[in-house]
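These protein sequence lines map, in sequence, to chains A and B. Just so we're aligned, residue 7 is where the first sequence starts under the numbering used here, counting upward by one. Just so we're aligned, residue 373 is where the second sequence starts under the numbering used here, counting upward by one.
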Amino acid sequence: MRVVVIGAGVIGLSTALCIHERFHPAQPLHMTIYADRFTPFTTSDVAAGLWQPYLSDSSNPQEAEWGQQTFDYLLSHIHSQDAEKVGLSLISGYNLFQHEVPDPSWRNTVLGFRRLTPREMDIFPEYSYGWFNTSLSLEGKRYLPWLTERLMERGVKLFHRKVESFEEVARGGADVIINCTGVWAGALQTDALLQPGRGQIIQVEAPWMKHFILTHDSSLGIYNSPYIIPGSKTVTLGGVFQLGNWNELNSVHDHNSIWKRCCKLEPTLKNARIVGELTGFRPARPQVRLEREKLHFGSSSAEVIHNYGHGGYGITVHWGCAMEAANLFGKILEEKKLSRMPPAHL
Amino acid sequence: AMDTVRIAVVGAGVIGLSTAVCISQVVPGCSITVISDKFSPDTTSNVAAGILIPHTYPDTPVPTQKQWFTETFQHLSAIATSAEAVDAGVHLVSGWQVFRSVPTEEVPFWADVVLGFRKMTEAELKRFPQYEFGQAFTTLKCETAAYLPWLEKRLKESGGLLLTRRIEDLWELQPSFDIVVNCSGLGSRQLVGDSMISPVRGQVLHAQAPWVKNFIRDGSGLTYIYPGTSYVTLGGTRQKGDWSLSPDVELSREIFSRCCALEPSLHRAHNIREKVGLRPSRPGVRLQKEILVRGGQRLLVVHNYGHGSGGISVHWGSALEATRLVMDWIRTLRIPAPVSKL
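Structure representation (structure tokens):
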């Protein structure tokens, strides 16, 4: 069976690996990954990599399950000696609000979730309510190379190629196409629900910072309020989520806004050395598109599994989605087996 | 007119420097000279990771220990949230203290001083299968590599003088000084003949493992992982009466192994360096006044030493107390000698 995965961000690579691990070689798969961007140039490389869903539940309750499955899966690997190679580590920190908010549905998924005490709130004079918890950090620039290594070990081939249509891939012989094209999915098939949620981040050296600090302003929307997320080597400063903005260049205005607001939140940042600045497009959609579609091209057809539209929580839900995509793949295999069975003889 | 009171502080570790700075802030009209054979980075304090978790002194009353810890925590909290935080080397860090069996004291006296203290959840304890109980909290790390130079700078800015000199006898400071504050740590064994102070040798490793952001401490105090700005401190040992300052390779291997058992990702730590410090251990901190008399001379002394494992955790509280004792002595000095009337 020939499988083509389009997209090599966290969704493409993890879905490819999940499917290949689950079915091959019991069901021999010839799998290829096509992408026009590979690490470190994918959206996943811009993301800070903190596991945290949005504050309010998605319209699709499955997304909360996918997030939980991803957290549990990652946590089960935290004591592996390879955890650091994979880019995985534990990190504790703060979510800050200007007024009391209900606890999130993921409060029992993360570790040690609690509300902040009054003395802790004193540390953040602009905010009046908050949470503390321990979560996981999974850095794209380590995880994606690790996934790539695992895939190549298994004989999966990766090619730098810009796919212009599903048809071209189907006519090339693909039986199943896994569409993990993220924010650019609209180029292959119009999707009015998908938009870029442009983000810009500043990377600094601030090794004294040991906690993530995410602030929230309900009037501005998610991730339009300053956030500080320490990684293994640098700290990510952000706080921009611009729907519909396709500008891939770093904006001076956004830089100044992020810098000013993060320094206000954490005054020690004025000592931090800026080492990078990046822009990425969160693939924003009211909910993730994770479903099958059978496409027909003349006499041939191809099964497509769509897995895109993970907004600002792709890393957070990636493994749960990969497993669901693998479930859908399994159904495709079942159906193909059934269709190959000889007709019953009377 | 009142003469300037001349104060000598012996010792330039965290106790000596913070006491000197405290005196300079609180006591008007005094000159301060810090005299020590060792300055940062060569003091005992430099080896300490500087995590604020108090050590318990059997001979110091718990309310006093709690007061000193609280005063230190508050003092450092103000620095940590100020623009000076990075220069002073003070930042917040969260983590876990885990116990193999439930301790008799589940909630220590300092639980309400640190931030967010609570019992670890079952899910959190799962990561430590050999441990039955744990505490989670947020505390401060006071990194001596930055903090001591920062204190030195503040002292110099307020007119203090730092002298490198080994004092063999406190009487050397007569008649140049009116009051001597003895912060000589383990050196007091020889300097003032205190046999109650002895070394508790600590060996630690400084490793590069920047992905480790939470501290982990075994409740016994023997094994700990303290992530810092430039390296992670892996410890340790508590060897009573051992004066050796040379690192022991077998101990390093063993420390590394114990820490990896708590945090397996440490196997990938690199650039590991060994450090040794001798904790100035005493059943209780000696924080008291003493008048030394020799011939017709008297020497007014304030002792502030013997902080063992807990020096950084209580340093500001004991500096404040030492400062109060210095002020007591100054009042004595300034009472005019009675003039007999014929």
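Just so you know, even glycine gets a beta-carbon here, dropped at the ideal spot from N, CA and C. Everything numeric in this text was worked out from a predicted model, so none of it was measured.
In the three-state DSSP reduction, B/H639 falls in the helix class (H, G or I). For A/D51, the uninterrupted alpha helix (DSSP H) run begins and ends at T49 to V52, by DSSP. A Cβ of chain B is located within less than 8 angstroms of the beta carbon of A/F138.
The Cβ-Cβ distance between A/V182 and A/I97 does not fall below 8 angstroms.
Of all residues in the region 507-523 of chain B, those with a C-beta nearer than 9 angstroms to a C-beta of chain A are A508, T510, K513 and E515, reading in chain order.
B/V572 and B/V462 have their C-alpha atoms spaced approximately 26 angstroms apart.
Between B/I404 and A/L275, the alpha-carbon positions lie close to 34 angstroms from each other. Our two residues, B/D620 and B/S592, have alpha carbons roughly 21 angstroms apart in a direct line. A Cβ of chain B is located within less than 8 angstroms of the beta carbon of A/Q87. CA-to-CA, the gap between A/W325 and B/G385 works out to about 51 angstroms. Of A/S20, A/T21, A/Y40 and A/I129, the smallest CA-CA separation from A/I12 is found for A/Y40. Secondary structure at A/M7: coil, using DSSP grouped into helix, strand and coil. Comparing alpha-carbon positions, the option among B/A579, B/T476, B/A455 and B/V474 lying closest to B/V604 turns out to be B/A579. Boundaries for B/A457: no beta strand (DSSP E) harbours it, while the alpha helix (DSSP H) harbouring it runs A457 to A460, taken from the DSSP string. Counting along the chain, no alpha helix (DSSP H) covers A/T45, and no H or E run does either. Under the DSSP assignment, B/V553 falls outside any alpha helix (DSSP H), being part of the beta strand (DSSP E) whose first and last residues are I551 to N554. Cα atoms of B/G656 and B/G682: separation of roughly 11 angstroms, rounded to the nearest angstrom. With a threshold of 16 other beta carbon atoms within 10 Å, A/F303 falls short and is exposed.
Distance check between B/E515 and each of B/V665, B/S417 and B/H679 places B/S417 closest, using alpha-carbon atoms only. Going by C-alpha positions, B/E544 is about 25 angstroms away from B/S690. One Cα belongs to B/C555, the other to A/G118, and the distance between them is close to 41 angstroms. One finds W214, M215, K216 and T274 in chain A with Cβ atoms closer than 8 angstroms to the Cβ of B/H463, taken in chain order. Listed in chain order, the beta strand (DSSP E) elements of length 3 or more contained wholly in the region 51-106 of chain A are 94-103. In this structure, the alpha-carbon of A/G205 lies about 34 angstroms from that of B/E635. One finds S449, A452, T453, L464 and L487 in chain B with Cβ atoms closer than 9 angstroms to the Cβ of A/I129, taken in chain order. Interface flag for A/I321 against chain B is unset, since no Cβ pair is found closer than 8 angstroms.
With a threshold of 8 angstroms between beta carbons, B/R499 makes contact with chain A.
Less than 8 angstroms separates the beta-carbon of B/L512 from that of B/L424. Comparing C-alpha distances from B/E496 to each of A/Q293, A/S111, A/T115 and A/R125 shows the shortest one belongs to A/T115. Here B/T510 carries a strand assignment [DSSP, helix/strand/coil]. Not flagged as an interface residue toward chain A: B/N554, since no C-beta distance is shorter than 8 angstroms. Secondary structure within the region 612-671 of chain B: the alpha helix (DSSP H) runs of 4 or more consecutive residues, fully enclosed, are 621-634 (chain order). Residue contact check for B/N586 against chain A: a CB pair falls below 8 angstroms.
Within the region 257-321 of chain A, the complete beta strand (DSSP E) segments at least 3 residues long are 279-290, 295-303 and 306-314, listed from N- to C-terminus. A/L194 sits in coil when the DSSP states are folded into three classes, being neither helix nor strand. Listed in chain order, the beta strand (DSSP E) runs fully inside the region 438-488 of chain B are 462-471, counting runs of at least 3 residues.
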